[in-house]
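Input: a single structure, listed below in structure tokens.
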Amino acid sequence: MALEIIESCVNCYACEPLCPNEAIYQAAPHFLIDPVKCTECIGDFEVAQCASICPIEGAILDELGAELNPPGSLTGISLEMLAKYQAAVEATYQAALEAKSA
Amino acid sequence: MELPVLNAGQQEASQGGCASHSCGSTDDQLSHLPEHIRAKVHNHPCYSEQAHHYFARMHVAVAPACNIQCHYCNRKYDCSNESRPGVVSEVLTPEQAVKKVMAVAANIPQMTVLGIAGPGDPLANPERTFATFRELSERAPDIKLCVSTNGLALPESVEELSKHNIDHVTITINCVDPDVGAKIYPWIFWKNKRIMGREGAAILIEQQQKGLAMLAERGILVKVNSVMIPGVNDEHLAEVSRVVKSKGAFLHNVMPLIAEPEHGTFYGLMGQPGPTHEELQKLQDACSGDMNMMRHCRQCRADAVGMLGEDRGQEFTMDKIEDMEIDYEAAMVKRAEVHAQIARELEIKDQARAAKTELVAIQGLKTDQPATRPVLMAVATKGGGVINEHFGHASEFLIYEASGSGVRFIGHRKTVPYCEGGDTCGDGESALDKTLRELAGCEVVLCSKVGYEPWGPLEAAGIQPNGEHAMEAIEDAVLAVYEEMRVAGKLEARPVVQQKAA
Ligand code: SF4
Ligand code: SF4
Chain A
85 MALEIIESCV NCYACEPLCP NEAIYQAAPH FLIDPVKCTE CIGDFEVAQC
135 ASICPIEGAI LDELGAELNP PGSLTGISLE MLAKYQAAVE ATYQAALEAK
185 SA
Chain B
3 MELPVLNAGQ QEASQGGCAS HSCGSTDDQL SHLPEHIRAK VHNHPCYSEQ
53 AHHYFARMHV AVAPACNIQC HYCNRKYDCS NESRPGVVSE VLTPEQAVKK
103 VMAVAANIPQ MTVLGIAGPG DPLANPERTF ATFRELSERA PDIKLCVSTN
153 GLALPESVEE LSKHNIDHVT ITINCVDPDV GAKIYPWIFW KNKRIMGREG
203 AAILIEQQQK GLAMLAERGI LVKVNSVMIP GVNDEHLAEV SRVVKSKGAF
253 LHNVMPLIAE PEHGTFYGLM GQPGPTHEEL QKLQDACSGD MNMMRHCRQC
303 RADAVGMLGE DRGQEFTMDK IEDMEIDYEA AMVKRAEVHA QIARELEIKD
353 QARAAKTELV AIQGLKTDQP ATRPVLMAVA TKGGGVINEH FGHASEFLIY
403 EASGSGVRFI GHRKTVPYCE GGDTCGDGES ALDKTLRELA GCEVVLCSKV
453 GYEPWGPLEA AGIQPNGEHA MEAIEDAVLA VYEEMRVAGK LEARPVVQQK
503 AA
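Read top to bottom, the protein sequences are chains A and B. Read left to right, the first sequence gives residues 85 to 186 (my numbering). Read left to right, the second sequence gives residues 3 to 504 (my numbering).
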């Protein structure tokens with residue numbers, strides 16, 4: 085029974101000091117949870133602390149691999165809007181490439 | 003740094019259009035503050051419009067965590083309130099941060115202020131933030147410390163803040179009404195839970211106001227930042243201004259929302275527009291009836307280094323700092339000398355200004371002259387309060403308003419330098435278009451030099467390029483040009499040519 089931090093973690097440190105079991109540690113390329121120490125906060129808090137402060141949707145998974153903060157749940161940004169974001173980033177990137185080769 | 007050429011001798015220059023005691027002064031922003039506050043902020047580049055031409059500041063990015071979410075922020079990047087969106091700062095440990103501050107303070111003796119503003123919320127990282135402050139108060143006691151926060155953890159931090167001799171705190175307050183807050187803050191983390199929507203916003207507002215009052219009670223200066231979000235809190239901000247003033251904030255700084263789809267923020271993706279320069283200025287004017295505004299704020303990045311408006315961060319990366327040999331004692335002595343030198347310059351400038359004011363008072367109000375309309379002028383400067391930047395090299399312009407009652411600083415507008423290399427390089431085309439767009443509303447642009455190529459497009463856009471006042475004090479030059487315009491009969495009516503971006 086343990087949560088897991090995956091690669092979308094942005095290394096913001098927010099979760100690390102909150103863990104009652106010191107299960108979270110800084111690692112490269114992102115923070116990790118020691119599955120042996122993690123208790124999902126049961127007995128200490130009503131809700132898993134790391135998943136309650138993490139600002140990145142999808143960065144923390146439950147023991148079944150499900151996202152604790154699914155897309156849209158924290159930012160209000162829907163999947164559709166997210167696709168728009170990716171298109172905008174891609175366009176900016178392409179423009180930069182073109183400017184460089186010009 | 004090049005110290006400014008002071009034009010004390012020019013004070014007799016024609017002041018025809020001037021009809022007020024505030025003539026020539028853009029710094030009356032601070033003039034009505036109580037003396038003890040003025041003494042604290044007069045050499046702080048972020049608080050004093052005058053000081054920001056002379057003194058430098060730096061931020062260290064030691065505070066990555068945040069305890070709230072704002073709709074104008076994408077947490078993959080730095081805090082969007084304290085940094086321009088889309089920026090990622092290298093997070094430092096407190097030890098690294100102290101090392102960096104000591105190195106910068108030794109190399110840039112104009113440095114007076116060290117701030118912690120992110121990249122998350124400093125008070126959501128209390129250990130890292132306070133370890134940095136503790137060490138610095140000991141090792142560089144001449145450097146002022148300041149901190150910016152969203153206010154959620156402020157009440158519990160006031161005690162500790164007052165211990166570290168931190169006399170400046172900035173709180174970002176975008177609203178005092180939870181219904182407005184619900185449209186800005188999707189959630190907060192509070193007492194071990196994530197609290198969504200209006201309920202979270204209500205707690206945040208309560209904590210901000212409580213923290214503000216506690217700081218004011220202890221005599222710690224509080225500045226309030228607000229992000230102006232058209233259609234969300236624009237009409238509400240005058241109320242915010244009133245409330246925070248009554249609680250003891252000494253300055254209110256309204257900043258424009260910056261929201262682009264590529265920043266990946268909620269507002270950016272929703273197409274929420276930021277305010278136009280005109281809307282921002284109108285609101286700042288409406289609020290300044292209530293309280294001081296800080297129009298020269300640059301929304302610096304969380305690891306900015308140097309004078310306001312410049313960023314020398316790249317000269318002080320951790321690996322470069324490792325190789326520097328620094329004599330800290332000597333550096334502190336040098337700083338004291340440079341600060342004293344600048345203080346003398348400013349004093350002379352103040353005296354010149356006072357003399358000028360008197361002169362106008364003696365000459366009377368010149369009521370025989372017809373009323374003149376106000377004119378916006380853009381100025382290219384590298385600092386020092388003088389016109390000393392080429393048009394093509396300027397990455398930002400300071401905007402001044404000249405009118406019958408003198409000159410006042412309005413704000414700054416960022417752009418892409420028209421030409422990085424020389425005055426007539428080939429493909430600066432789109433950069434010039436951007437500059438023309440940014441300068442919309444201005445009728446004159448003052449710079450040390452302006453190339454042949456941009457001259458025509460500037461004139462066509464109704465912006466008169468002017469390189470005749472190079473190395474002159476900004477306010478004197480703006481007044482002189484205004485006077486020329488008056489004599490030429492250009493100030494009676496609105497200009498015929500309406501500026502439009504090319
Ligand atoms: S769920 Fe609780 S115990 Fe597990 S890592 Fe997160 S904070 Fe620590
Ligand atoms: S709070 Fe989320 S993003 Fe931040 S370090 Fe922890 S897992 Fe990573």
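All C-beta atoms in this analysis are idealised placements derived from N, C-alpha and C, irrespective of residue type, glycine included.
Under the 8 Å Cβ criterion, the region 127–141 of chain B does not count as touching the region 187–198 of chain B, having fewer than three qualifying pairs. DSSP, reduced to helix, strand and coil, places S162(A) outside both helices and strands of the structure shown, so it counts as coil. Residues of chain A with a Cβ closer than 7 Å to the Cβ of F191(B) are, in chain order, S136 and I137. A482(B) is bridged by DSSP to nothing; it lacks a bridge partner.
Rounded to the nearest whole angstrom, the C-alpha separation of E347(B) and T174(B) is 33 Å.
For A67(B), the closest Cβ of chain A is nearer than 8 Å. Pairing M113(B) with R59(B) gives a Cβ-Cβ distance under 8 Å.
Of all residues in the region 147–160 of chain A, the ones placed with a Cβ closer than 8 Å to any Cβ belonging to chain B are L158, T159 and G160, in chain order. Boundaries of the alpha helix (DSSP H) harbouring S248(B): L239 to S248, taken from the DSSP string. The CB of L259(B) never comes closer than 7 Å to any CB in chain A; the least such distance is about 16 Å.
Residue environment for D80(B): buried (at least 16 other C-beta atoms within 10 angstroms of its C-beta). In the displayed model, G413(B) falls within a strand according to three-state DSSP. Remark: the C-beta of I90(A) is outside contact range of ligand 1, defined as less than 7 Å to any heavy atom.
The beta carbon of Q178(A) sits no closer than 7 Å to any heavy atom of ligand 1. Boundaries cannot be given for R375(B), as no beta strand (DSSP E) includes it and DSSP labels it neither H nor E. Counted as a single uninterrupted DSSP element, the beta strand (DSSP E) harbouring Y402(B) occupies residues E398 to S405.
Bounds of the beta strand (DSSP E) holding I197(B) are K195 to M198. Around the C-beta of M487(B), 16 or more other C-beta atoms lie within 10 Å, and the residue is accordingly described as buried. The alpha-carbon separation between A65(B) and Q170(A) amounts to approximately 28 Å. Annotation: K436(B) to T417(B) spans about 7 Å, alpha carbon to alpha carbon.
Taking 8 Å as the cut-off, the beta carbon of H392(B) is found closer than this to the beta carbon of S450(B). Taking the Cβ atoms as the reference, D123(B) lies roughly 18 Å from T95(B), outside the contact range of under 8 Å. Cβ-Cβ separation between V182(B) and I118(B): approximately 28 Å, too far for a contact (criterion under 8 Å). Taking all protein chains in view, the Cβ of Q210(B) is crowded by 16 or more other Cβ atoms within 10 Å, so the residue is classified as buried.
Neighbourhood of K184(A) in chain B, by CB distance below 8 Å: empty, with the nearest CB roughly 13 Å away.
Bounds of the alpha helix (DSSP H) holding R141(B) are P128 to R141. Using a CB distance cut-off of 8 Å, F268(B) counts as an interface residue toward chain A. If you compare the alpha carbons of K121(A), C93(A), I126(A) and E124(A) with that of A111(A), the shortest gap goes to C93(A).
Our two residues, I231(B) and A99(B), have alpha carbons roughly 33 Å apart in a direct line.
K102(B) is a Cβ neighbour of F318(B), given a cutoff of 8 Å. Where G183(B) is concerned, the enclosing alpha helix (DSSP H) starts and stops at P180 to G183.
Judged by beta-carbon spacing, P188(B) lies within the 8 Å limit of H73(B), meaning their Cβ atoms are closer than that value. Contact note: I140(A) reaches chain B through R77, using a C-beta cutoff of 7 Å and chain order. Take V226(B), set aside five residues on each side of it, and the residues of its chain with a beta-carbon closer than 6 Å to its own are I173, I175, V246, A251 and H254, in chain order. Residue pairing from DSSP leaves L102(A) without any beta-bridge partner. For the C-beta of Q133(A), the chain B residues within less than 7 Å are, from N- to C-terminus, N194.
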